[in-house]
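Take a look at the structure set out below.
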């Protein structure tokens, strides 16, 4: 079973994403900020991380940078949720941080789920 980490400082959005993934049959852990997410990632094996871009204590970008720098976690796919609607920012997140998908708030939880399902059902090119 795939285990997903949802890092979102908004309790409402965190709950919506958690429920969406659980109803689809995923195991889900949640983090209230970027540092909490990083600490959980160091302790667990997640199939996918879904993170908000702007969070207290550590941003989603900083979390991605740490994941990419970790030998064990560098291949963990990340879906980013951001309030920034700029296309350049989205491409930059993909190019510089290796984010597999970007969703701009307000977003459809179902579309995030579909992106996760698609990515997790596609074999990684590095394996």
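Numbering (our numbering), first residue to last: 1345 to 1471.
Glycine is no exception: its CB is placed at the ideal position from the N, C-alpha and C atoms.
These numbers were taken from a predicted model, which means no experiment stands behind them.
Around the CB of residue 1358, 16 or more other CB atoms lie within 10 Å, so the residue is classed as buried. Beta-bridge partners of residue 1351 (DSSP): 1375 and 1395.
If you look at residue 1446, you'll find it in the beta strand (DSSP E) that goes 1445 to 1448. With three or more CB-CB distances shorter than 8 Å, the segment 1376 to 1389 counts as touching the segment 1403 to 1423. Non-local C-beta neighbours of residue 1449 in its own chain, meaning closer than 6 Å and more than five positions away in sequence, comprise 1427, ordered along the chain. Residue 1365 and residue 1401 have their alpha carbons spaced roughly 25 Å apart.
Of 1407, 1459, 1454 and 1465, the smallest CA-CA separation from residue 1437 is found for 1407.
Your pair residue 1412 and residue 1442 checks out as a contact, with CB atoms roughly 6 Å apart and the cut at 8 Å. Between the alpha carbons of residue 1397 and residue 1425 lies a distance of about 6 Å.
Of 1374, 1345, 1363 and 1347, the smallest CA-CA separation from residue 1353 is found for 1374. Our two residues, residue 1421 and residue 1348, have alpha carbons roughly 10 Å apart in a direct line. Residue pairing of residue 1424 in beta bridges, as defined by DSSP: 1395 and 1446.
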